[in-house]
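Working notes, structure below.
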Amino acid sequence: MTDDQSIDVDSTKSPVWKQSTRLVVGVLLILLAIQLLYQLRQFLIPFILALLLAYILHPVVLRLQKSTGMSRGLAVALIYVVIVIVLAAATTGLGLALANRIADFGEFLSGVSRDLPDFVKDLLAIEYVIGPWTVNLGEANLDTFIDGISSAITPLISQTGIILRGVAGATASLVGTSVLVLVIGFYLLLYLERFARAIIGWVPAPYKSDASRIMTDAGAIWQSFFRGQLIMGLAVGTMTAFIMSILGLRNSIGLGVLAGILEFVPIFGPWITAVVSVLVALFQVTNPWGLTPISYALIVLAAGIVIQQIENNILYPRVIGQSLALNPLVVLLAVLAAGSLFGIVGLLLAAPVVATARLCLGYLYWKTVGADPPKSTYVDRRKSKPSFYRQLASRIQNLRKPKEKADA
C-alpha cells in the first residue's frame, strides 16, 4: 500500500458507538449485573448491613477527625476498637443475662398469644360494679367479637415474641455472625469518600454535578434517618424499661428492647408496644400495687400514653424533626405496602426508601419536562436548623448569662 493509499487514522480518538450499539450493550450489562447479584445473593445482606454501618459511622469519623486532627485510618480504627469492646460485652456476662431476659419475654409473649382467647372470655365473665350498676358482659353474646379481636391480636403478639427471641439469639452469637459485616464495613468506612468519588467519575461530565447533588441529598436522608432513629430508639427504650420497672411490670427490660426496636417502624411501632404492655399487665398475676388486672393494665396504658406524648412532642421534633419531609399519610401507605412486600425489613426502611425514591423521581420528572431540577432542601434544612445538641448547649449558655451579669 502506497503513501497515497494509506488510511488516515487518528489513534488518539475512539469512535463513537451508535445509539443502537449503546442500547444493546447497556441492556446486556444490566442483565449481567442482575445475574451476578443473584449468584452472590447470600452476600448481599452482609454487604448491605456493612454499607449501613459505614453510613451511620461516617459522620462520627468526620467529627472525630475534625476535633482531634487524627487521620481517617486512625479514627476508623479507634471507633472499631470501641465497637469490638461493646460486642465483647454483649456476648459475655451482662450481655448473656440480657439475652436470656429478652428470650424469656419472647416465650412469655408466645404463651400470651396461645392463651389470649380464653383469657378474654374469662375477663368478660367478671361482674363489674360501677356505683349502683352491675355490669356482666358475660351475659351478652360477644363470641364473634372476641374471636375477631383474638384473631387480630394473636398473630401480632406471636410475631413479636418470635422477633424478641431472634434478637436474643443474635445477641448471644453476635461475634460469630458479625465478623464479615465488620470487616466489609471497616473498608467501606475507610474508603467511603473514595468510593463516592469513583462513582461520580463514572458519570458523564455534563451530569457530574447532578449526580453529586443526588448522592449528597440521599446521604443526608439516610444519615438523618438512622442517626435520629438510633437516638430515638435508645431514648424511648430506656424510658420504657425504667417506667415499666417502677410500675412493677414483668420483663420491663425486654419491653424496653422491644420499644427501642419498634421505634424504627413509623406510626405502628409505638402502638404495638402499647398493646404488648397492656397484655403483659393483664396476664401478670400479681403486682406491687395490689390492683386488679384491669386497673393495673389501665395504669400501664396511661404510662404508655405519657411516653408517647413525650416522644411525639419533645423528642421527635428535636431529634428528627422534618428531616425526611414526608407527609404522614405517605409514610403510612409506604409502611403498609413495604411491610406486605418485604416483611420486617420493609417496615423498618420504608420511610427513607420513599424519601430517596421521591428525590430520584423528582429529578427524572424535571429532566423529562425539559426543566432544571429545583435546588435541594435536604442539606440546606440540616444546615439551617441547629441540631438537638446545639440547641441544648445554647439554652445552657443562655441560662448562665443572667448569672454572669448579676455577678458582674
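The numbering of the sequence shown is this note's numbering, which starts it at 977 and goes up by one.
Glycine included, every Cβ here is placed at the ideal spot set by N, Cα and C.
Which of helix, strand or coil DSSP assigns to residue i
i, result
"residue 1262", "coil"
"residue 1290", "helix"
"residue 1268", "coil"
"residue 1043", "helix"
"residue 1026", "helix"
"residue 1154", "helix"
"residue 1059", "helix"
"residue 1167", "coil"
"residue 1226", "coil"
"residue 1243", "coil"
"residue 1180", "coil"
"residue 1302", "coil"
"residue 1035", "helix"
"residue 991", "coil"
"residue 1149", "Residue confidence for residue 1149 is low, a pLDDT of 49 falling below 50, so the modelled location carries little weight; the figure read from the coordinates is stated next. Residue 1149 falls in the coil class under three-state DSSP."
"residue 1314", "helix"
Any non-hydrogen atom of the ligand PLP closer than 8 Å to residue i Cβ
i, result
"residue 1232", "The model depicted lacks the ligand PLP and carries no ligand whatsoever."
The alpha helix (DSSP H) enclosing residue i, as first and last residue numbers
i, result
"residue 1192", "1184-1222"
"residue 1346", "Per DSSP, residue 1346 belongs to no alpha helix (DSSP H) and is neither H nor E."
"residue 1011", "995-1015"
Neighbour-count burial assignment, residue i, 16 or more Cβ in a 10 Å radius
i, result
"residue 1229", "buried"
"residue 1031", "buried"
"residue 1328", "buried"
"residue 1397", "Nothing about residue 1397 can be read from this structure; the chain reaches only from 977 to 1384."
"residue 1264", "exposed"
"residue 991", "exposed"
"residue 1175", "exposed"
"residue 1003", "exposed"
"residue 996", "exposed"
"residue 1035", "exposed"
"residue 1006", "exposed"
"residue 1019", "exposed"
"residue 989", "exposed"
"residue 1302", "buried"
"residue 1317", "exposed"
"residue 1051", "buried"
"residue 1026", "buried"
"residue 1288", "exposed"
"residue 1243", "exposed"
"residue 1272", "buried"
"residue 1300", "buried"
Beta-carbon gap between residue i and residue j smaller than 9 Å
i, j, result
"residue 1029", "residue 1161", "yes"
"residue 1223", "residue 1279", "yes"
"residue 1168", "residue 1022", "no"
"residue 1206", "residue 1216", "no"
"residue 1323", "residue 1331", "no"
"residue 1225", "residue 1256", "yes"
"residue 1311", "residue 1276", "no"
"residue 1295", "residue 1204", "yes"
"residue 1186", "residue 1349", "yes"
"residue 1056", "residue 1158", "yes"
"residue 1166", "residue 1346", "no"
"residue 1194", "residue 1038", "no"
"residue 1054", "residue 1046", "yes"
CB contact below 9 Å: residue i versus chain C
i, result
"residue 1064", "Among the chains in the structure shown there is no chain C, since it carries only a single protein chain."
Check whether the segment 1197-1207 touches the segment 1172-1182, taking contact to mean three or more Cβ pairs, one atom from each stretch, closer than 8 Å. no
Does the segment 1235-1250 come close enough to the segment 1277-1286 to have 3 or more Cβ pairs within less than 8 Å? yes
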